[in-house]
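These notes are about the structure you will find just below.
Chains as they are written, first to last, in this note's numbering: chain A, 4 to 652; chain B, 6 to 108.
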């Protein structure tokens with residue numbers, strides 16, 4: 004299981020030229036990221052390697068005499084690369100590869116309890132010919148499980164310096180910082196290990212016996228816990244209970260926190276509107292600026308909680324067990340077990356779901372999962388579904404013991420989930436054309452006490468990164484939307500002459516909206532949406548829902564000039580088709596409402612998601628592909644459903 | 006060591022299709038061993054992608070290595086094996102490359 008949570012904000016990774024660079028090389032689960040966090044504190048930067056969707060993590064470590072740039076390379080089991088992430092490791096270590104700066108020295112991390120396997124990675128790394136130093140992690144665990152090794156003998160056998168560290172060992176860290184100062188003087192072994200895999204086996208055995216290595220016993224508690232958690236029946240049951248609790252926390256524990264964020268920003272917005280004399284500026288500050296920031300911050304409790312739980316599950320070791328249980332189901336869609344957590348999280352919100360794909364070791368799996376995650380039914384779709392379903396299905400209609408409204412809602416959730424899995428399968432198929440799929444293997448680490456620092460850093464990193472990048476995009480979009488919906492300004496005399504009661508704020512805002520640029524946009528896109536039964540008014544709602552899907556409800560309220568913009572059901576039901584053959588008929592006819600519902604199932608009506616996709620993939624290409632394919636799918640599916648419902652009703 | 010109990014199948018080309026592989030009889034792969042069984046890897050079967058074979062070796066699943074079957078998920082799900090002092094989960098498609106020595 005890759006432990007790849009790092010803190011860091013954003014921006015490009017760039018260090019002052021001439022600064023010494025040391026890279027951390029190691030397998031997933033070797034404690035690499037924990038050491039990286041400990042060395043670099045809260046001064047890390049994230050970015051992407053040139054041309055690939057592989058996250059790059061760099062930080063500055065303080066040393067006794069200055070600073071060293073530390074780069075945390077993606078976790079790898081071998082330098083014989085089979086994934087883009089592993090190619091990055093190889094290219095970084097290869098001086099001939101000029102795109103990526105080669106570090107001056109390497110800190111190789113190996114889990115001291117799995118030396119029989121992990122020395123093979125060291126053998127490959129030493130062949131790169133860079134000054135290297137070995138750090139053996141989990142020294143306390145080795146001792147606790149009855150293992151031992153002779154450190155000076157190991158140093159002699161390898162020809163490089165070795166540190167044996169235990170978790171939370173401050174003294175070893177201080178020593179390591181001092182060593183970083185002289186990293187370019189670290190030795191390269193005089194006798195290199197063999198390269199032929201068959202001879203490497205013999206080399207490992209000779210090194211281990213020279214160091215009097217006694218392998219640790221299998222961890223007893225882990226065996227006993229696994230006999231339940233990996234059991235075909237009990238394990239599946241525990242898994243569903245854990246996932247249910249997971250989902251509940253994201254929805255219910257986050258809800259009051261989100262309520263506080265909402266009321267705080269509501270209060271701020273109200274205060275701004277009250278204290279700014281110019282009404283236009285007042286509503287700009289309260290709605291566009293404060294409302295826009297609040298609309299993003301409202302996701303923060305969910306993201307913090309999600310990453311708290313994911314990093315706890317990873318830190319303890321449960322994530323790989325959950326992935327083991329789910330692997331068979333996910334493999335049918337070309338994904339691996341670990342993608343399940345991301346898709347499940349997307350049912351709260353696609354943003355944390357997309358960020359949760361960081362736990363997937365393969366870049367291709369990450370992309371396919373990210374392309375599918377926004378199709379899972381997120382909580383922002385809920386208000387839209389509630390409104391539209393109530394217009395489509397009378398509350399009292401029942402099918403057997405179930406209310407039809409609930410069944411339709413369930414059907415929409417199911418449609419989203421099935422579509423997401425199929426989309427992931429298609430993206431995996433396309434990706435796999437360029438080469439065979441990665442083999443699936445997953446280390447099952449022993450259960451460990453979660454590291455508080457690791458968990459907190461993961462939460463902090465997720466929140467900080469989310470805020471930094473997304474606030475830019477969402478702010479620009481909400482400001483733009485506000486301007487479109489409220490410009491050009493209408494003078495009192497114009498409105499009077501148009502017969503609008505200027506004392507009635509609902510009537511005036513409806514008049515402004517009807518003559519706004521947004522209305523012009525809504526009319527301009529009519530040719531696209533007319534086949535789905537959407538007129539310019541629905542189009543304004545659809546366009547405004549790009550800021551966040553639930554904005555659709557409030558915008559439709561403004562458009563319909565409802566007395567209560569938060570429950571525009573009545574006003575919307577009274578709206579009529581303005582012109583054309585159906586003029587005078589209800590605008591929200593069953594075929595149109597059904598088409599709208601299906602449109603919202605598929606369309607990527609969420610700029611925050613687009614922003615996160617850009618952040619996580621390091622470019623505009625994948626967000627553009629996601630937006631394009633989902634819009635096309637949404638239009639086609641809405642058209643089909645509209646046609647079917649039209650025949651049926 | 007039982008490494009050479011059979012002539013090693015030629016596994017040099019990376020372009021073979023699955024069908025043309027020297028299909029190992031089911032009894033010889035480790036997939037059908039019960040939980041708790043131990044075995045020595047006799048050889049790694051050829052895989053259409055030579056890199057997979059190489060990766061299995063890098064993961065410690067080398068010819069001659071002693072492996073214990075810790076757990077088998079039902080209905081053709083993945084296996085948990087213990088090798089080189091750690092536990093690893095593999096899908097059956099990869100595990101079927103691990104050929105058991107006939108002793």
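Every residue, glycine too, gets a C-beta built ideally from N, C-alpha and C. Model, not experiment: these values are computed from the prediction.
Query raised in the report: Taking 9 Å as the CB-CB limit, is residue 349 of chain A close to chain B?
Result: no
Query raised in the report: Are the C-beta atoms of residue 246 of chain A and some chain B residue less than 9 Å apart?
Result: no
Query raised in the report: In chain order, what residues of the same chain have a beta carbon less than 8 Å from the beta carbon of residue 18 of chain B, not counting five sequence neighbours either side?
Result: Unreliable positioning characterises residue 18 of chain B in this predicted model, as indicated by a pLDDT of 36, which lies under 50. A coordinate reading is not provided.
Query raised in the report: Cβ atoms of residue 415 of chain A and residue 607 of chain A: under 9 Å apart, would you say?
Result: no
Query raised in the report: Beta carbon of residue 133 of chain A, beta carbon of residue 108 of chain A: below 9 Å?
Result: yes
Query raised in the report: residue 321 of chain A CB to nearest chain E CB: under 9 Å?
Result: The chain inventory of the structure shown lacks chain E, comprising the protein chains A and B.
Query raised in the report: What residues from the segment 29 to 54 of chain B come within 7 Å of chain A, judged by C-beta to C-beta, listed N to C?
Result: 53 and 54
Query - Alpha-carbon to alpha-carbon, residue 235 of chain A and residue 110 of chain A - result: 41 Å
Query raised in the report: Just how far apart, CA to CA, sit residue 91 of chain A and residue 589 of chain A?
Result: 58 Å
Query raised in the report: With a Cβ-Cβ cutoff of 9 Å, do residue 158 of chain A and residue 165 of chain A count as a contact?
Result: yes
Query raised in the report: Among the residues of its own chain, which have a CB less than 8 Å from the CB of residue 66 of chain A, if the five just before and after it don't count?
Result: 180, 181, 183 and 184
**Report entry** Bounding residues of the beta strand (DSSP E) (the contiguous stretch that carries residue 48 of chain B)
**Finding:** 43 to 49
**Report entry** For residue 589 of chain A, the residue or residues it bridges with in DSSP
**Finding:** A:579
Report task. Buried or exposed for residue 28 of chain B, please, with buried defined as at least 16 other CB atoms from any protein chain shown within 10 angstroms of its CB. Result -> With a pLDDT of 45 at residue 28 of chain B, under the threshold of 50, the predicted position of this residue should be treated as unreliable, and no value is reported.
Report task. Could you pull out every unbroken beta strand (DSSP E) segment of at least 3 residues lying fully inside the segment 27 to 101 of chain A, listed in chain order? Result -> 47 to 51, 58 to 66 and 69 to 75
Query raised in the report: Who are the near neighbours of residue 629 of chain A in its chain, counting only those whose CB is closer than 7 Å to its CB and skipping five residues on each side?
Result: 374, 377, 607 and 616
Requested in this report: Output the boundary residues of the beta strand (DSSP E) element that contains residue 175 of chain A.
Outcome: From DSSP, residue 175 of chain A is part of no beta strand (DSSP E) but of the alpha helix (DSSP H) over 173 to 183.
**Report entry** Whole-Å CB distance - residue 338 of chain A paired with residue 371 of chain A, under 8 Å assumed
**Finding:** 7 Å
Query raised in the report: Is residue 373 of chain A helix, strand or coil by DSSP?
Result: helix
Query raised in the report: When you compare only the Cα positions, how much space is there between residue 481 of chain A and residue 308 of chain A?
Result: 26 Å
Requested in this report: Note the first and the last residue of the continuous beta strand (DSSP E) segment covering residue 136 of chain A.
Outcome: 135 to 140
Query raised in the report: What residues from the segment 74 to 87 of chain A come within 7 Å of chain B, judged by C-beta to C-beta, listed N to C?
Result: 80, 81, 83 and 85
Query - From B:90, B:60 and B:82, residue whose alpha carbon lies closest to that of residue 72 of chain B - result: B:90
Query raised in the report: With respect to 8 Å, is the separation between the Cβ of residue 138 of chain A and the closest non-hydrogen atom of the ligand GDP below this value?
Result: Because no ligand of any kind appears in the structure shown, any question about the ligand GDP cannot be addressed here.
Query - CB contact flag (residue 29 of chain A, residue 79 of chain A, <9 Å) - result: yes
Query raised in the report: Shortest alpha-carbon distance to residue 87 of chain A belongs to which of A:366, A:641 and A:191?
Result: A:366
Report task. Look at the Cβ atom of residue 72 of chain A, then the Cβ atom of residue 24 of chain A, and state whether they are nearer than 9 Å. Result -> yes
Query raised in the report: Does the count of Cβ pairs from the segment 306 to 324 of chain A and the segment 455 to 463 of chain A closer than 8 Å reach three?
Result: yes
Query raised in the report: Closer than 9 Å, CB to CB, is residue 405 of chain A near chain B or not?
Result: no
Requested in this report: Return the chain-ordered list of same chain residues with a C-beta closer than 6 Å to the C-beta of residue 6 of chain B, the five sequence neighbours on each side being excluded.
Outcome: Note that residue 6 of chain B scores a pLDDT of 36, beneath 50, so its modelled location is shaky; the value from the coordinates is reported in the next line. For residue 6 of chain B, where only same-chain residues beyond five positions count, the Cβ hits under 6 Å are 69.
Report task. Give me the Cβ distance between residue 325 of chain A and residue 242 of chain A, rounded to the nearest whole Å; I'm assuming they're in contact under 8 Å. Result -> 6 Å
Query raised in the report: So does the segment 572 to 589 of chain A actually touch the segment 341 to 349 of chain A, counting three or more Cβ pairs closer than 8 Å?
Result: no
Query - Burial state of residue 32 of chain B (16 or more Cβ within 10 Å) - result: With a pLDDT of only 45 at residue 32 of chain B, under the threshold of 50, the placement of this residue in the model should not be trusted; the figure read from the coordinates follows. So residue 32 of chain B ends up on the exposed side.
Query raised in the report: Considering only residues of the same chain and omitting the five flanking positions on each side of residue 434 of chain A, which have a CB-CB separation below 8 Å?
Result: 367, 370 and 371
**Report entry** Neighbourhood of residue 553 of chain A by C-beta distance below 6 Å, restricted to the same chain and skipping five residues each side
**Finding:** 383 and 386
Requested in this report: Below 7 Å CB to CB, which residues in the same chain sit around residue 648 of chain A once its five sequence neighbours on both sides are set aside?
Outcome: 593, 594 and 597
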